[in-house]
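Residue numbering for the sequence shown follows our numbering, beginning at 46 and increasing consecutively.
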Amino acid sequence: MTEFHVVPSHVEELATAQEDAAGEMATARTKANEDRGMFLYEHGLVCAATYVAYTEMENARNNAAELTRQVSIALAANLNKAAEEYRKADAVIAENLDKQMLPR
Numbered sequence: 046m047t048e049f050h051v052v053p054s055h056v057e058e059l060a061t062a063q064e065d066a067a068g069e070m071a072t073a074r075t076k077a078n079e080d081r082g083m084f085l086y087e088h089g090l091v092c093a094a095t096y097v098a099y100t101e102m103e104n105a106r107n108n109a110a111e112l113t114r115q116v117s118i119a120l121a122a123n124l125n126k127a128a129e130e131y132r133k134a135d136a137v138i139a140e141n142l143d144k145q146m147l148p149r
């Protein structure tokens, strides 16, 4: 059986990566929404049907991006909580081991 090792600082790094990913999702959504307004301005009403389809696609993409952002935020919170719990468990185990040590 393989041993299981948890390094809380690494778990916190993973949480930070998820927080960064959530921020990137928000930035990507904003940029895509800015592009939508230019489409109708540059191409005019002749492309109205395409604009409607583009808008529906953007709405679906925005919804997916928001859900992904929310999952990343939740995962980051769970990873931070896990790191905290591992540190607490290590402290309790260390304290118990210290109590078991015989004096010299």
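We put the beta carbon where it would ideally sit given N, CA and C, even for glycine.
By the DSSP assignment, the alpha helix (DSSP H) with Thr95 in it spans what residues?
Residue 95 sits at position 50 when you count from the first residue of the sequence shown. Ala93 to Gln145 is the span of the alpha helix (DSSP H), which, as asked, contains Thr95.
DSSP-derived helix/strand/coil call for Glu87
Position 42 of the sequence shown, counted from the start, is the residue given in the question as residue 87. The answer is helix: DSSP assigns Glu87 an H, G or I state.
Is it true that the CB of Ala67 sits closer than 8 Å to the CB of Ile155?
Residue 155 falls outside the range modelled here, since the chain spans only 46 to 149, and no answer is possible.
Is there contact here, the segment 47–56 with the segment 86–97, by at least three beta-carbon pairs under 8 Å?
no
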